[in-house]
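**Student:**
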Amino acid sequence: MSRLELDGLTRRYGPVTALDQLSFSVTSGQVTGFLGPNGAGKTTAMRAVFGLTALDAGTVRWNDRPVTLADRRRFGYLPEERGLYPGMLVAEQLEYLGRLHGLSPAAATTAATGWLERLGIADRATSKVESLSLGNQQRVQLASALVHNPDLLVLDEPLSGLDPEGIDAVGEVLASHARAGKCVLFSSHQLDLVEDLCESVVIIDRGRVVTSGTVEDLATRGLPRLVVRVAGDRDGAWARGLAGVRVSENDGGALRLVLSGPTDPQSVLRTAFAAGLVTEFAVQRRRLSEVFREAVTHRAGQRQDVTLRAGVHQ
Amino acid sequence: MSGIVPIVIAIGAIFFVIYRLRRQAGGSGARPRPVRGGLLVPPPGAGQPALRLLPLPGDTGLVAAREFRVRARGRVFRVGTLLVLLIVSGAIVIPALLGHKPTVERVGVAGALSAPVRAALVADGPGIGVTVTLVPEPSGQAATADLRAGRIDLAVVDGSRVVTDKPTAASDTSQGAQLTRAVSRTVGTAEALQAARLTPAQAAAIAGARPLPLSSLQPGGPGTTQRNTSYVGLLLLFFMLTQYNAWTLTGVLEEKSSRIAEVLLAALPPARLLAGKVLGIGLTAFLQAGLAVAVAVSEVRATHSDVLNGLTPLTVAATLSWLILGYAFYAWVYAAAGSTADRQEQAQSLLIPLGLPVIFGFFVASTAAISGNASALVHVLAYLPPTAPFAMPVLVSLGAAAWWQFALSAAISVVCTAGLARLATAVYSASILRTGSRVSLRELMSR
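Protein chains in written order, with our numbering: chain A, -12 to 301; chain B, 640 to 1086.
1. Between the alpha carbons of A:Val245 and A:Pro53, how many angstroms are there, rounded?
2. For B:Ile920 and chain A, any beta-carbon pair shorter than 8 angstroms?
3. Rounded to the nearest angstrom, what separates A:Arg105 and A:Leu161 at their Cα positions?
4. Between B:Leu701, B:Gly697, B:Gly713, B:Gln1044, which has its C-alpha nearest B:Gln927's C-alpha?
5. Under DSSP, the beta strand (DSSP E) around A:Ala44 begins and ends at which residues?
6. Looking only at its chain, what residues have a beta carbon closer than 6 angstroms to the beta carbon of B:Gln817, apart from the 5 residues adjacent to it on each side?
7. With 7 angstroms as the limit, tell me which residues of the region 38 to 56 of chain A have their beta carbon closer than that to any beta carbon of chain B; keep them in chain order.
8. Is the CB-CB distance between B:Ala976 and B:Leu913 below 8 angstroms?
9. Candidates A:Ala94, A:Gly122, A:Glu117, A:Ser118: which alpha carbon is nearest A:Gly107's?
10. Give, in chain order, every residue of the region 997 to 1012 of chain B whose Cβ lies closer than 7 angstroms to some Cβ of chain A.
11. Check each residue of the region 58 to 69 of chain A: if its Cβ is closer than 7 angstroms to any Cβ of chain B, include it; give the result in chain order.
12. State yes or no: is the C-beta of A:Phe268 within less than 8 angstroms of the C-beta of A:Ser174?
13. Please classify B:Arg982 as buried or exposed, where buried requires at least 16 neighbouring CB atoms within 10 angstroms.
14. Does DSSP classify B:Pro1090 as helix, strand or coil?
15. Just tell me which of B:Ala1065, B:Leu989, B:Tyr969, B:Ala1030 has its CA closest to the CA of B:Ser1048.
16. Give me the residue from B:Ser988, B:Val756, B:Arg1061, B:Gly700 with the minimum Cα distance to B:Pro839.
17. Could you give the distance in angstroms between the alpha-carbon of B:Ala885 and the alpha-carbon of A:Ala78?
18. Per DSSP, which one or two residues make a beta bridge with A:Gln271?
19. For B:Leu903 and chain A, any beta-carbon pair shorter than 8 angstroms?
20. Of the residues A:Trp225, A:Leu242, A:Ala206, which one's Cα is nearest the Cα of A:Glu182?
21. Determine, for B:Leu701, whether the minimum Cβ-Cβ distance to residues of chain A falls below 8 angstroms.
22. To the nearest angstrom, how far is it from the Cα of A:Gly28 to the Cα of A:Gly194?
23. Counting C-beta neighbours from all protein chains within 10 Å, is the total for A:Gln291 16 or more, i.e. buried, or is it exposed?
24. Answer with yes or no whether the minimum CB distance from A:Pro145 to chain B is below 8 angstroms.
25. So the candidates are B:Leu874, B:Ala781, B:Trp971; which of them puts its Cα closest to the Cα of B:Phe1002?
26. Interface residues of chain B around A:Leu71 at Cβ under 9 angstroms?
27. How would you list, in chain order, the residues of chain A whose beta-carbon sits under 7 angstroms from the beta-carbon of B:Ala906?
28. Using a cut-off of 7 angstroms between C-beta atoms, extract the partners of A:Met33 located in chain B.
29. Using 10 angstroms around the beta-carbon of B:Asp698, count the other beta-carbons present and answer buried if the total reaches 16, otherwise exposed.
30. Give the secondary structure of A:Lys169 by DSSP, where H, G and I count as helix, E and B as strand, and everything else as coil.
31. Identify the contact partners of A:Met75 in chain B, using a Cβ-Cβ distance below 9 angstroms as the criterion.
32. Just to confirm the assignment: which complete beta strand (DSSP E) runs, minimum length 3, are found wholly within the region 219 to 264 of chain A?
33. Expressed to the nearest angstrom, what Euclidean distance is found between the alpha-carbon atoms of A:Gly(-5) and A:Arg48?
34. Apply the 10 Å Cβ neighbour rule to B:Trp1043 and answer buried if 16 or more other Cβ atoms are within range, or exposed otherwise.
35. State the start and end residues of the unbroken alpha helix (DSSP H) segment that holds A:Ala112.
36. Which stretch, first to last residue, makes up the beta strand (DSSP E) that contains A:Phe21?
In structure tokens form, the structure reads like this:
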């Protein structure tokens, strides 16, 4: 059982505080999502794990000891802005990175070939990276972080720019790496996109942890949510005036309702029946974006106008 | 060639010092490293470190090996090598081809000229290294016309005037100018002898007078071939320092802007990454220089050139050692500069000011190499690390540097290089660790 621990990380860039006493830990055997809006400090925190950020305060620990270079050799890192030599051959690049992380020449070759096959780009092994399509470049990038079978895998926005198929493929790789007993931490600003990919999440905002826990726990905690559709009422007029109910979104007549404490789902259903034919009724889990919004609102009190960039494709 | 031994020892000592510094720069932590990648020599078993010729910390070796492999198979390297080989071959083959046929100087003679004077004119040739052919001219006008047309090189008119097409400057040391002066002296003497009314035998004896052979306490100055070697060496130094330093700069910049530096620095310290890069590119440069020397030697053998006589081997050795010293010195400067830039477009604006000391050193040293005379400025520049790579080999080729002077200059350069390596690593780390914000000098000094 290994464990990465970020303890009180603080980093200021002039007047801007990128990390503000940031503390959380990542345990092996599960995929941990590191979530938050753009500019929350995710990249800075991940760079700090690799000693790429000069910290004003705080420590990064690996298995309860400050991270050393030897530890980092056993880590894998996928930076947000992809780092590969454009003019180098794909296989050669993977072997080189494998060897820098301590693999023998033979092991590096085997690992590079294995990953290229697994990601379906074995036929491009002797191509230059710059000649690959963007999707394939990202596959090579992923392979470069995994080639030495790292004990800790840190990926900064691995899903950005991927199609749904690509997202599934990355998710599968991360899950199997975690299941092999490794630590996996990946960041995303698209909170709802990653719900299915990770078992636990750490959500941060403005350099501080907003909330953390297992996805299961966070999603079932909090106020109940209903999705109700009344035929013919695309504007959701029937729900206006319902006490203790807030309409959080309207998807073409399917209303997502957030019920405050004492309000009973049954009474909502009765009102819907009275208004017309109910074609859809479901009790739903909390989304991670909602978890974030509620946590931030709860923490900041007056910060009702949180504009969450989560889920917005750039 | 007793002077060569101390210099060889000095060069060996320099290599040893550089190797020690590299090891230190590579960071010799007490922690055992899992990777050990030999660069040229396979890593031996534990407990026999003395056998390793190039014992580098494994990852520095890996970085250097990658750099070497990628660079050496690139197009720039192939074209550059071709260019270097052409320059070297040209410098050896062309003089060798020209050297076998001595120049013929045609001297037009208009009007009467006595037989002893004619013989004296022809005898002026060998001393200057030319063959004199006398061309009879019907008149002074015909001689002038032939001069204009280039059919003759100079004319003696009526035994009283020497005419050339172009004026002869006092400082002109070409064979033509030397002959012109000799001819005017010979004819003038003949005229004076005639005026003195000596007997023909006396006149012939005096006309046949030749200057006494000169000897000096100091050894002789450089010959033409040697000066050529020295100049070609400078040209190659200039070309290679410019080329490989630019590679260092753009290479560091490429890694920074493509963010691969972050992936690499997650696994190895900046000093080792930088040292590997400098070493790998340096090895590529040395491969090119080695090829040039090998081709040169085989061409010298094939053409029976006299290039390898005298001080020339020493000049070649000095040029090669200063290629290493100069590259090592500049590489850190260029690497640090490259890390402060953010985009490839900024590389150009950095390369120009950084190239100024190289251009200055090359210019001053080539002037000395061509004239065969080292000014006081060259003697000063020979001890300053930025210009020493050019000035010191020229001093060696002119026989104007003692072995201890060479060693002193090399030592100054090595010490400065070690200091620069530290500074460059600090600049590099700071630039990478704080992307976006420029690093101020004060911040660096306080590190």
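Each residue gets a CB set at the ideal place from its N, CA and C atoms; glycine is no exception.
**Tutor:** In short:
1. Along the first sequence, one-based indexing puts residue 245 of chain A at 258. Along the first sequence, one-based indexing puts residue 53 of chain A at 66. So the alpha carbons of these two residues sit roughly 44 angstroms apart.
2. Within the second sequence, residue 920 of chain B is the residue found at index 281, counting from 1. It does not; no Cβ of chain A falls within 8 angstroms.
3. Position 118 of the first sequence holds residue 105 of chain A. Position 174 of the first sequence holds residue 161 of chain A. Cα-Cα distance, rounded: 13 angstroms.
4. Here residue 927 of chain B corresponds to residue number 288 of the second sequence, with the count starting at 1. The shortest Cα separation from B:Gln927 among B:Leu701, B:Gly697, B:Gly713, B:Gln1044 belongs to B:Gly713.
5. For the purposes of this step, residue 44 of chain A is identified with residue 57 of the first sequence, where counting begins at 1. Its beta strand (DSSP E) spans residues 44 to 49.
6. In the second sequence, the residue the question calls residue 817 of chain B occupies position 178. Hits under 6 angstroms: Ile767.
7. Leu39, Thr40, Ala41, Leu56
8. In the second sequence, the residue the question calls residue 976 of chain B occupies position 337. In the second sequence, the residue the question calls residue 913 of chain B occupies position 274. Not a contact, by the Cβ cut-off of 8 angstroms.
9. Against the first sequence, residue 107 of chain A aligns to sequence position 120. Here the closest residue by C-alpha is A:Gly122.
10. none
11. Arg59, Arg60, Phe62, Tyr64, Pro66, Glu68, Arg69
12. Along the first sequence, one-based indexing puts residue 268 of chain A at 281. Along the first sequence, one-based indexing puts residue 174 of chain A at 187. No, these two residues do not count as a Cβ contact at 8 angstroms.
13. Taking the second sequence and counting its residues from 1, one reaches residue 982 of chain B at position 343. Exposed, because fewer than 16 other Cβ atoms sit within 10 Å of the Cβ of B:Arg982.
14. Residue 1090 of chain B is absent from the model: chain B starts at 640 and stops at 1086.
15. To locate residue 1048 of chain B, count along the second sequence from 1; it is residue 409. Of the candidates B:Ala1065, B:Leu989, B:Tyr969, B:Ala1030, the one whose C-alpha sits nearest the C-alpha of B:Ser1048 is B:Ala1030.
16. What you label residue 839 of chain B is simply residue 200 of the second sequence in a count that begins at 1. Among B:Ser988, B:Val756, B:Arg1061, B:Gly700, the Cα nearest to that of B:Pro839 is on B:Val756.
17. Locating residue 885 of chain B in the second sequence gives position 246, counting from the first residue. Locating residue 78 of chain A in the first sequence gives position 91, counting from the first residue. Roughly 27 angstroms between the two C-alpha positions.
18. On the first sequence, position 284 is the one that residue 271 of chain A refers to. A:Gln271 is bridged to A:Arg212.
19. Taking the second sequence and counting its residues from 1, the one referred to as residue 903 of chain B is at position 264. For B:Leu903, the answer is yes, since a Cβ of chain A falls inside 8 angstroms of its Cβ.
20. To locate residue 182 of chain A, count along the first sequence from 1; it is residue 195. Out of A:Trp225, A:Leu242, A:Ala206, A:Ala206 has the C-alpha closest to the C-alpha of A:Glu182.
21. Taking the second sequence and counting its residues from 1, the one referred to as residue 701 of chain B is at position 62. Taking Cβ atoms only, chain A reaches closer than 8 angstroms to B:Leu701, which makes this a yes.
22. On the first sequence, position 41 is the one that residue 28 of chain A refers to. On the first sequence, position 207 is the one that residue 194 of chain A refers to. Their Cα atoms are separated by approximately 5 angstroms.
23. In the first sequence, residue 291 of chain A corresponds to position 304, counting from 1. Low confidence applies here, because A:Gln291 scores a pLDDT of 39, under 50, leaving its location unreliable; read the following figure in that light. Answer is exposed; the Cβ neighbour count stays below 16.
24. Within the first sequence, residue 145 of chain A is the residue found at index 158, counting from 1. No, its Cβ sits nowhere closer than 8 angstroms to a Cβ of chain B.
25. The count along the second sequence starts at 1 and reaches residue 1002 of chain B at position 363. Closest by alpha carbon: B:Leu874.
26. In the first sequence, the residue the question calls residue 71 of chain A occupies position 84. Simply Ser897, Arg898, Ile899, Val902.
27. Looking up residue 906 of chain B in the second sequence gives position 267. Neighbours of B:Ala906 on chain A, chain order: Arg59, Arg60, Leu87, His88.
28. Counting from one through the first sequence, the residue named residue 33 of chain A turns up at place 46. Those within 7 angstroms of A:Met33 in chain B number zero; the least Cβ separation is about 10 angstroms.
29. The count along the second sequence starts at 1 and reaches residue 698 of chain B at position 59. Classification for B:Asp698: buried.
30. For the purposes of this step, residue 169 of chain A is taken as residue 182 along the first sequence, with counting starting at 1. The answer is coil: DSSP assigns A:Lys169 none of H, G, I, E or B.
31. Numbered from 1 along the first sequence, position 88 holds the residue referred to as residue 75 of chain A. Arg705, Val709, listed in chain order.
32. 232 to 238, 241 to 246
33. Taking the first residue of the first sequence as 1, we reach residue -5 of chain A at position 8. Taking the first residue of the first sequence as 1, we reach residue 48 of chain A at position 61. If you take the alpha carbons of A:Gly(-5) and A:Arg48, they lie about 11 angstroms apart.
34. As a working note, residue 1043 of chain B is residue 404 in the second sequence. Result: exposed.
35. Indexing the first sequence from 1 puts residue 112 of chain A at position 125. Element bounds for A:Ala112: n/a, residue is neither H nor E.
36. Within the first sequence, numbered from 1, the residue matching residue 21 of chain A stands at position 34. Looking at the DSSP string, the run of the beta strand (DSSP E) that includes A:Phe21 is 18 to 22.
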